[in-house]
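Residue numbers (numbering that gives the first Met the number 0), protein chains in the order written: chain A, 0 to 290; chain B, 0 to 191; chain C, 0 to 191.
We treat Cβ as the ideally placed atom computed from N, Cα and C, and that holds for glycine.
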Amino acid sequence: MNAPVNESVINPVAEPLAHVFGEPVLALPSDLYIPPDALRVLLESFEGPLDLLLYLIRKQNVDILDIPMAAVTSQYMQYVEAMKSSRLELAAEYLLMAALLIEIKSRMLLPKTPASEEGEADDPRAELVRRLLEYEQIKLAAFELDQLPQAGRDFLWAFAVFERELVDLLPEVRAADLKAAWLSILTRARNRKHHTIATSEISVREQMSHILRVLEDGRHHDFVTLFDHVQGVPLLVVTFSAVLELVKEKLIRVSQAGFDPETLAGEAEHAPYAGYAPIYVSRPRGVHERD
Amino acid sequence: MSEIDRRHLKNVIEAALLVNQEPLSVAQLKALFGVPPEGAELVAVLEELQRDWDGRGVELVRLANGWRFRARLDMQPYLERLKPEKPPRYSRAVMETLAIIAYKQPVTRGEIEEIRGVTVSSAIIQTLKERGWIDVVGHKEVPGRPELLATTRDFLADLGLASLKDLPPLTELGNLVVPDLADAAAAASPQE
Amino acid sequence: MSEIDRRHLKNVIEAALLVNQEPLSVAQLKALFGVPPEGAELVAVLEELQRDWDGRGVELVRLANGWRFRARLDMQPYLERLKPEKPPRYSRAVMETLAIIAYKQPVTRGEIEEIRGVTVSSAIIQTLKERGWIDVVGHKEVPGRPELLATTRDFLADLGLASLKDLPPLTELGNLVVPDLADAAAAASPQE
């Protein structure tokens with residue numbers, strides 16, 4: 000499209016022949032002879048062989064339904080000949096059309112074919128006419144479409160900014176997600192066979208964590224204080240199991256006053272139950288360090 | 000609904016329509032509220048807003064996929080002075096391809112080529128895809144499984160259309176072809 | 000200036016401010032017009048517009064570099080619903096680690112790795128610690144004194160659970176799965 004354009008021969012490319020449709024064809028040469036240079040430009044401004052053919056037919060005010068095949072074909076061939084020398088790749092589709100025109104022309108010369116099954120006569124031009132009309136229809140539709148107001152070109156969308164306050168979004172997790180994660184672990188674990196996952200009473204594990212937290216300060220705690228009587232017997236049992244489990248896992252240390260005087264320093268007088276020596280529970284750091 | 004509530008409703012809807020970069024449907028507008036208003040009430044508010052904006056430089060329009068504010072067409076000469084970069088005017092090849100997709104959708108590239116009588120370059124299809132006006136809605140079950148192309152809601156919105164039915168009607172092809180051609184055929188073979 | 004001219008001026012300015020993402024200065028607004036209005040007049044129109052929008056969901060604000068329309072902050076709760084930002088998701092590795100800590104607490108990293116059958120990166124543990132969902136409740140008295148990990152109260156609160164007992168019981172979970180082949184293949188070559 001950057002080729003120098005002869006203004007007298009053809010209009011600038013911005014408004015090509017699309018819009019000539021049905022209107023005076025001002026931009027085109029008055030006769031059908033076009034110098035080869037201009038022809039190249041002209042052909043580029045056609046959208047293809049159908050477009051050129053339509054132009055030729057419209058230009059000559061030919062009834063599209065009664066195309067004079069001989070005249071149109073010979074003109075068409077002149078264009079194609081001129082084009083072949085300069086733009087062979089562009090010419091291919093035009094050559095195909097030329098072949099079709101010649102085929103139609105030759106079939107017109109043959110004796111009439113017998114009627115087809117539908118009972119309609121087989122006019123060799125029928126298919127070409129159908130295509131030309133369909134193309135013409137689309138060409139017009141494209142023009143109409145281009146006339147519609149277009150966002151960005153003919154109007155602009157209106158909007159206001161919304162400066163949302165930035166909030167750091169953290170992933171959300173639901174209990175069901177944990178369940179799904181556990182199921183996927185289980186599935187894999189079962190494939191591995193050698194590993195079995197024992198189901199355990201959650202509340203014991205929970206209570207184990209709870210006790211460890213209570214003992215976090217490193218001090219000795221009265222065994223009794225670990226038990227919350229208000230929450231009922233089941234929790235007492237669970238807490239007791241948790242203590243046993245923790246002892247078994249060497250996570251806490253249980254000692255009784257009198258047996259470990261060192262740990263009792265300064266605390267013996269608080270012993271709340273006179274009947275037996277108080278039991279103390281602590282984190283085993285000291286033990287570990289002494290080991 | 001009290002006057003104050005209704006006013007608030009209108010304010011929220013107006014703000015939402017202005018900050019959203021896409022049209023908003025009535026369903027989307029409903030979802031703005033903890034206690035969603037009735038659809039009919041919302042539409043009434045939208046129509047009231049439309050009237051409020053009457054005679055101003057911006058208008059509220061109803062599009063295929065909802066409502067959106069846009070500058071009125073007659074504002075364009077002024078607004079263009081601020082936005083020197085104009086969007087491209089598409090070539091005939093692009094517009095013809097678009098027209099075929101719009102009117103004949105869903106179509107394959109091969110079908111477009113058949114109508115236009117020339118190969119349709121990938122660049123043309125790509126341009127329309129990038130503009131967000133067409134997309135692939137499936138594949139035709141023929142050898143090569145070519146893409147089936149159709150226009151998008153954005154296409155309708157960008158052309159200010161509420162639906163494909165609002166496209167300029169095609170000139171009637173049937174009337175031109177069938178009777179005349181049948182006549183011609185009859186004349187050509189009088190034995191029929 | 001006539002009433003009509005002034006109204007037109009206001010319409011153009013309003014439209015220009017609404018189609019531009021960036022704030023517009025008085026100088027830019029002047030450039031909208033073939034015959035630019037006086038600066039003072041423009042400012043007067045802007046202030047009038049500002050009053051027009053008073054009490055609505057969008058406001059006209061004057062910033063250092065010009066004027067622009069923006070949604071009022073009190074619209075945020077509504078507008079947020081327009082585009083609820085999708086919260087990110089934790090990876091499968093994070094979720095599995097969390098599940099193991101929740102169900103098996105207190106556990107060491109080594110125990111988690113044993114159950115998952117793959118190594119557990121520090122980053123995973125760190126993610127959960129930073130979230131405040133797990134913490135160290137002690138050290139296991141084995142060589143290396145590994146940290147004992149447990150879930151926190153925040154974890155329960157964030158998941159809306161009153162207690163760990165409210166988690167789906169493990170005994171039931173066991174019945175829900177059968178090893179599937181894809182996972183078996185994945186397990187054969189464990190990788191995160």
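query: Asp156 (chain B) CB to nearest chain C CB: under 8 Å?
result: It should be noted that the sequence gives Ala, not Asp, for residue 156 (chain B). It does not: the Cβ of Ala156 (chain B) has no partner Cβ on chain C nearer than 8 Å.
message: For Leu252 (chain B) and Gln27 (chain C), which I take to be in contact (beta-carbon distance under 8 Å), what is that distance rounded to the nearest angstrom?
response: This structure leaves residue 252 (chain B) out entirely; chain B is present only between 0 and 191.
message: Closest to Leu148 (chain B) by C-alpha separation, out of B:Glu95, B:Pro105, B:Leu31, would be which residue?
response: B:Pro105
task: Please list the partners that Val11 (chain B) has in chain C, where partner means a Cβ-to-Cβ separation under 7 Å.
output: Gly56, Met74, Tyr77
Cut-off 7 Å between Cβ atoms - residues of its own chain near Pro22 (chain B), not counting five sequence neighbours on either side: Leu62, Asn64, Gly65, Trp66, Arg67, Ala156
message: Quick check on this structure: which residue in B:Val44, B:Leu17, B:Leu16, B:Gly33 has the alpha carbon closest to the alpha carbon of Glu2 (chain B)?
response: B:Val44
message: Using the three-state DSSP reduction, which class does Arg5 (chain B) fall into: helix, strand or coil?
response: helix
task: In angstroms with no decimal places, state the Cα-to-Cα distance between Thr96 (chain C) and Arg152 (chain B).
output: 44 Å
query: Where does Ile278 (chain A) sit, in a helix, a strand or coil, going by DSSP?
result: strand
message: Checking the sheet assignment: what are the DSSP bridge partners for Gly65 (chain C)?
response: C:Leu62
- request: Give the residues of chain B in contact with Ile101 (chain A), contact being defined as C-beta atoms less than 8 Å apart.
  value: The contacting residues do not exist; Ile101 (chain A) stays about 16 Å from chain B at best.
task: Counting only runs of 4+ residues fully inside the stretch 88-165 of chain C, write out the alpha helix (DSSP H) ranges in chain order.
output: 91-103, 108-115, 121-129, 152-157
message: Could you compute how far the alpha carbon of Asp338 (chain A) sits from the alpha carbon of Ser121 (chain C)?
response: Summary: the structure shown does not reach residue 338 (chain A), with chain A confined to residues 0 through 290, and so no result is reported for it.
- request: Could you tell me the distance, in whole angstroms, from the CA atom of Tyr93 (chain A) to the CA atom of Thr118 (chain B)?
  value: 12 Å
- request: With DSSP as the reference, label Trp156 (chain A) as helix, strand or coil.
  value: strand
message: Using the three-state DSSP reduction, which class does Val34 (chain B) fall into: helix, strand or coil?
response: coil
message: Let me confirm a value: His138 (chain C) is counted as buried when at least 16 other C-beta atoms fall within 10 Å, else exposed. Which label applies?
response: buried
message: Would Val203 (chain A) and Glu162 (chain A) be called neighbours here (beta carbons separated by less than 8 Å)?
response: no
task: Please classify Gln146 (chain A): is it buried, with 16 or more other beta-carbons within 10 angstroms of its beta-carbon, or exposed?
output: exposed
- prompt: Using the C-alpha atoms, what's the distance from Thr224 (chain A) back to Leu214 (chain A)?
  reply: 11 Å
- request: Tell me whether the beta-carbon of Ala159 (chain A) lies closer than 8 Å to the beta-carbon of Leu17 (chain C).
  value: yes
field: Sequence-distant residues of its chain with Cβ nearer than 8 Å to Ala273 (chain A) (five each side left out)
entry: Residue placement at Ala273 (chain A) is flagged as unreliable, the pLDDT there being 43, under the threshold of 50; the coordinate-derived value follows with that caveat. Within the same chain, Ala273 (chain A) has no close Cβ partners at all.
query: chain B beta carbons: is any one of them nearer than 8 Å to that of Leu17 (chain C)?
result: yes
message: Just to make sure I have the definition right: I need the residues of chain B whose C-beta is within less than 8 Å of the C-beta of Leu144 (chain A). Which are they?
response: Met94, Leu97, Ala98, Ala101, Leu158, Leu166, Pro167
message: For Lys247 (chain A), count the other beta carbons within 10 Å of its own beta carbon; 16 or more makes it buried, fewer makes it exposed. Which is it?
response: exposed
task: Taking 8 Å as the cut-off, decide whether the C-beta atoms of Val280 (chain A) and Ile251 (chain A) are in contact.
output: yes
- prompt: Considering Ser254 (chain A), what are the terminal residues of the alpha helix (DSSP H) in which it resides?
  reply: Ser254 (chain A) -> not in any alpha helix (DSSP H); beta strand (DSSP E) instead, spanning 252-255.
message: In this structure, how does DSSP classify His219 (chain A) when only helix, strand and coil are distinguished?
response: coil
field: Assigned exposure category for Gly34 (chain B) - 16 Cβ within 10 Å defines buried
entry: What sits at residue 34 (chain B) in the sequence shown is Val, not Gly. Answer is exposed; the Cβ neighbour count stays below 16.
- request: Run the CB neighbour count on Gln206 (chain A), radius 10 Å, all protein chains shown included, and call it buried at 16 or more, exposed below.
  value: buried
query: So who's on the other strand from Leu52 (chain A), going by DSSP bridges?
result: According to DSSP, Leu52 (chain A) bridges with nothing at all.
task: With a 10 Å radius around its C-beta and 16 neighbouring C-beta atoms as the bar for buried, classify Ser254 (chain A) as buried or exposed.
output: buried
message: Give me the DSSP bridge partner(s) of Ala70 (chain C).
response: C:Val57
query: Is the beta carbon of Ile278 (chain A) sitting closer than 8 Å to the one on Phe222 (chain A)?
result: yes
message: I'd like to know whether the C-beta atoms of Pro170 (chain A) and Pro87 (chain C) end up nearer to each other than 8 Å.
response: yes
message: Excluding the 5 residues flanking Ala102 (chain B) on each side, which residues of the same chain have their C-beta closer than 8 Å to its C-beta?
response: In the sequence on display, residue 102 (chain B) carries Tyr and not Ala. For Tyr102 (chain B), where only same-chain residues beyond five positions count, the Cβ hits under 8 Å are Leu166, Leu169.
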